[in-house]
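Chains as they are written, first to last, in the working numbering: chain A, 56 to 275; chain B, 56 to 275; chain C, 56 to 275; chain D, 56 to 275.
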């Protein structure tokens with residue numbers, strides 16, 4: 056118990072550098088996601104010497120499914136950024152435990168470009184669809200872990216935030232993992248249905264929680 | 056209407072992290088733009104074993120058109136950075152709506168290295184020239200959307216900014232999309248003429264708006 | 056002596072930009088570490104045309120050892136970030152000397168993705184295992200140098216920090232280099248044993264020093 | 056004259072975001088510099104299947120000249136960072152002109168990894184040696200331009216900084232371009248001699264100017 060305290064609860068800083076560091080990782084991940092789109096097509100173009108205009112059109116049209124899978128991942132990363140932002144808005148101080156939770160989350164976030172590229176290239180293969188779902192589920196669960204640590208274990212949030220509203224906010228996070236598991240199960244039958252579930256998830260998180268809504272109301 | 060309010064208008068933060076995150080994306084995009092220039096030439100150099108000095112000169116000279124297209128995109132990204140900076144200078148608070156507008160803009164900004172590379176390699180192909188124009192037009196329109204949201208929908212700007220001057224500033228943003236459409240139409244006849252229009256656009260945005268000018272005067 | 060003073064001790068700034076710059080490098084290094092995992096597998100997949108699902112599973116399973124070596128390096132970089140954060144928490148001002156120490160540390164930190172990739176691909180080759188150990192030892196020693204400069208040479212730390220506790224903290228840093236040297240010696244006999252030592256090191260640094268613990272206690 | 060004023064002198068901001076943006080570019084450039092070292096060797100290793108340990112040693116030893124050229128460029132970029140930091144330490148506000156100067160400087164800074172890679176691979180080719188010198192000279196001159204703009208044109212520096220000391224600082228900047236030109240001239244005869252001049256330049260800039268020294272003295 057004392058060791059646990061020493062490892063996680065020591066350190067007592069503001070959250071400025073933790074946020075700046077996370078923003079750096081977010082910015083790089085989001086930029087690398089989109090950059091991936093172009094590489095295969097440019098390599099393909101280098102090979103043939105025939106009708107260049109027609110080849111270019113064809114290559115650009117073939118990017119379609121890839122661009123879709125990148126927009127999807129971009130939506131996920133953007134929503135994580137908003138939620139990360141809002142979580143740290145109510146966190147008033149940080150300790151080692153929060154840092155390790157954040158690090159685990161960033162490690163999984165930084166991994167997203169790989170399953171995204173795989174889904175973009177093999178969207179009809181259930182292996183790629185499941186891999187995407189597992190990666191996204193782990194990321195969602197690491198974010199949930201960080202939220203849970205900050206609120207219930209570390210008691211790092213501002214005291215005036217009502218525990219009741221926070222619990223609702225924590226509950227919402229579970230919607231993600233459950234839907235990911237559903238999508239993984241569905242992907243054995245239909246990869247298209249699974250991908251549709253992946254598109255529904257960011258739509259759910261697009262809507263703010265009651266806590267966020269009330270805060271906005273209170274401040275007008 | 057209530058849902059619209061909940062989705063967009065909730066959240067009430069300062070703009071510090073939004074700016075830091077955007078700066079991160081800007082910095083990465085601008086660095087990756089230039090980095091692209093070198094890759095093809097270095098690969099080409101690895102193959103032959105003949106007169107190395109002559110080969111090196113030739114490879115460096117062949118970079119010419121590519122460097123031009125990167126300077127062009129660098130100018131665009133730089134100008135967006137200044138305008139982004141100036142927009143957030145008059146914005147006093149942020150909400151979810153502003154974040155989504157900013158995210159859409161960053162998604163398109165992060166895409167710029169791809170059309171830039173395409174234009175650098177196929178500057179005489181109308182497909183590449185049109186693709187560049189469409190990508191740039193979408194980026195410009197997403198910036199316009201953010202400006203319009205911040206000023207007219209979100210009312211996030213400082214109250215002392217005169218609506219009248221702001222409208223002029225919004226008008227100026229339209230010059231971009233119109234010129235992009237002109238360039239796209241022209242590119243079917245002459246890719247050189249279209250590229251010349253692309254070079255004119257950053258020159259226009261290089262000049263500050265009346266609002267910016269007046270602010271500078273007021274502060275001397 | 057005067058030259059030494061001019062080169063190292065001149066300049067007298069806050070540490071804000073030094074921290075922001077370091078955070079940028081940390082964020083990029085940590086993102087690039089994970090990104091490396093996917094490249095080889097995607098290239099391998101492009102070649103065959105046989106049973107795609109089976110090929111995908113095989114490729115993903117083969118990533119296993121690589122993912123392990125990246126988690127290891129991620130742990131190292133994360134721990135450096137925490138320690139860097141905590142060091143600058145007690146540093147109250149910076150000079151040129153601190154900057155050069157920090158630069159040397161960042162140069163070695165930025166190098167980490169290379170030995171990590173090498174270890175992931177050749178984990179049974181003692182050459183790769185030694186190379187990883189040497190790179191990690193140099194990084195640890197450059198961090199030690201910075202800590203020593205800040206505390207003993209530059210006297211840049213806050214005066215109320217007790218020298219005695221600081222010395223303990225400096226001592227702890229030595230545990231790293233010694234264990235790296237042990238691992239390097241061991242790797243000639245068993246690469247597995249050497250890699251196990253590499254996994255023990257982050258565990259040691261996971262636990263906070265007495266200084267950090269006392270500070271946390273004092274602030275409750 | 057009025058147009059000149061409108062284009063350059065309008066805008067009146069703090070320098071916070073300009074510094075953050077520049078730090079982002081610096082961090083990315085410095086990380087990418089080092090990352091380049093590993094690529095060729097890893098590709099080379101994939102081909103042969105013979106004595107792996109011996110191949111690995113050979114590949115790592117062959118990296119030697121490349122690592123040298125990266126340390127050189129790392130020193131340059133680090134010194135630019137310190138000087139950029141110190142310049143913005145005495146600048147109290149920014150305008151559009153300063154931004155454009157800074158942008159031009161960053162554009163050339165972001166280009167550095169390309170000539171560095173070229174010098175690392177073809178250190179005995181005068182073409183690569185000259186190309187490195189020209190790129191470095193242009194970067195140095197763009198930094199000089201920014202310094203000159205901030206001090207003499209924009210009058211953006213703090214008023215208590217003595218003009219006389221500043222001029223000395225501006226003079227020092229010229230040492231770089233002159234030495235680059237000398238190195239370029241020398242490289243036709245001896246590439247080794249030219250590279251030695253490239254190593255002397257960062258040593259000169261390693262020493263702080265009188266202004267920096269006096270400031271440090273004043274603050275003790």
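All residues carry an ideal CB built from backbone N, CA and C; glycine is no exception. It should be emphasised that the depicted structure is a prediction, and the values quoted were computed from it without experimental measurement.
{"Query": "Given this structure, state the Cα-to-Cα distance separating residue 199 of chain B from residue 139 of chain B, to the nearest angstrom.", "Result": "11 Å"}
{"Query": "Return the residues of the stretch 68–81 of chain D that lie within a Cβ-Cβ distance of less than 8 Å from chain C, sorted by chain order.", "Result": "74, 75, 78, 79, 81"}
{"Query": "In chain C, which residues lie with their C-beta within 8 Å of the C-beta of residue 166 of chain A?", "Result": "89, 92"}
{"Query": "Against chain B, does residue 161 of chain A count as a neighbour if the rule is that its beta carbon must be under 7 Å from one of theirs?", "Result": "no"}
{"Query": "Would residue 229 of chain D be called buried (16 or more neighbouring beta carbons within 10 Å of its own) or exposed?", "Result": "exposed"}
{"Query": "Does the stretch 72–89 of chain A come into contact with the stretch 78–85 of chain C, if we say contact requires no fewer than three beta-carbon pairs (one atom in each stretch) closer than 8 Å?", "Result": "yes"}
{"Query": "May I have the straight-line CA-CA distance separating residue 191 of chain B from residue 236 of chain A, to the nearest angstrom?", "Result": "39 Å"}
{"Query": "Taking the CB atoms as reference points, tell me whether residue 89 of chain B and residue 165 of chain D lie closer together than 7 Å.", "Result": "yes"}
{"Query": "Is the separation between the beta-carbon of residue 183 of chain C and that of residue 193 of chain C shorter than 7 Å?", "Result": "no"}
{"Query": "By alpha-carbon positions, which one of A/167, A/83, A/72 ends up nearest to residue 124 of chain A?", "Result": "A/167"}
{"Query": "Do you know how far the Cα of residue 204 of chain C is from the Cα of residue 152 of chain C?", "Result": "8 Å"}
{"Query": "Can you tell which of B/143, B/181, B/130 has the C-alpha that lies nearest to the C-alpha of residue 256 of chain B?", "Result": "B/130"}
{"Query": "Compute the beta-carbon to beta-carbon distance between residue 234 of chain B and residue 177 of chain D, rounded to the nearest angstrom, for a pair I have assumed lies under 8 Å.", "Result": "About 42 Å; that fails the 8 Å criterion."}
{"Query": "Can you pull the chain B residues whose beta carbon is under 8 Å from the beta carbon of residue 108 of chain D, in chain order?", "Result": "Here the premise fails: no neighbours, minimum Cβ distance about 26 Å."}
{"Query": "Could you give the distance in angstroms between the alpha-carbon of residue 145 of chain D and the alpha-carbon of residue 126 of chain C?", "Result": "43 Å"}
{"Query": "Just to confirm my understanding: we take residue 196 of chain C, look at its own chain, exclude 5 residues before and 5 after, and list those with CB closer than 6 Å. What are they?", "Result": "232"}
{"Query": "Under a Cβ-count criterion, where at least 16 other Cβ atoms within 10 Å of its own Cβ denotes burial, should residue 259 of chain A be classed as buried or exposed?", "Result": "exposed"}
{"Query": "Could you tell me which chain B residues have their CB closer than 9 Å to the CB of residue 171 of chain A, listed as they occur along the chain?", "Result": "In chain order: nothing, as chain B lies at least about 13 Å away."}
{"Query": "Leaving out the 5 sequence neighbours to the left and right, which residues in its chain are closer than 7 Å to residue 98 of chain A when beta-carbon positions are compared?", "Result": "Because residue 98 of chain A carries a pLDDT of 49, less than 50, the predicted location of this residue cannot be relied on, and no value is offered for it."}
{"Query": "What does the alpha-carbon distance come out to for the pair residue 163 of chain C and residue 187 of chain D?", "Result": "23 Å"}
{"Query": "So the candidates are B/92, B/247, B/143; which of them puts its Cα closest to the Cα of residue 206 of chain B?", "Result": "B/143"}
{"Query": "Tell me where the alpha helix (DSSP H) around residue 126 of chain D begins and ends.", "Result": "119–145"}
{"Query": "In chain C, which residues lie less than 7 Å from residue 129 of chain D when you measure between Cβ atoms?", "Result": "162"}
{"Query": "Thinking just about the alpha-carbon of each residue, which of B/73, B/241, B/87, B/249 is nearest to the one in residue 160 of chain B?", "Result": "B/73"}
{"Query": "So, is residue 248 of chain D buried or exposed, given that buried needs 16 or more other C-beta atoms within 10 angstroms?", "Result": "exposed"}
{"Query": "Given a threshold of 16 other Cβ atoms within 10 Å of its Cβ, counted over all protein chains shown, does residue 243 of chain A qualify as buried or as exposed?", "Result": "exposed"}
{"Query": "Verify the CB distance criterion: does residue 158 of chain B have a CB-CB separation below 7 Å to chain A?", "Result": "yes"}
{"Query": "Measure from the C-beta of residue 254 of chain C to each C-beta in chain A and report whether the shortest distance is under 7 Å.", "Result": "no"}
{"Query": "Could you tell me the boundaries of the alpha helix (DSSP H) in which residue 165 of chain B lies?", "Result": "151–166"}
{"Query": "If we define contact as Cβ-Cβ less than 7 Å, is residue 142 of chain D a contact residue for chain C?", "Result": "no"}
{"Query": "Report the residue from C/170, C/201, C/109 whose alpha carbon sits nearest the alpha carbon of residue 181 of chain A.", "Result": "C/109"}
{"Query": "With a CB to CB cut of under 7 Å and the five nearest residues on each side skipped, what residues in its chain are close to residue 128 of chain D?", "Result": "88, 167, 171"}
{"Query": "Is the CB of residue 98 of chain C under 7 Å away from at least one CB in chain D?", "Result": "Residue confidence for residue 98 of chain C is low, a pLDDT of 49 falling below 50, so the modelled location carries little weight and cannot support an answer."}
{"Query": "DSSP three-state call for residue 72 of chain D: helix, strand or coil?", "Result": "helix"}
{"Query": "For residue 95 of chain D, name the three-state secondary structure that DSSP assigns.", "Result": "In this prediction, residue 95 of chain D has a pLDDT of 47, which is less than 50 and means its spatial position is unreliable; nothing more can be read from the coordinates."}
{"Query": "What did DSSP end up calling residue 248 of chain A once you bin it into helix, strand or coil?", "Result": "helix"}
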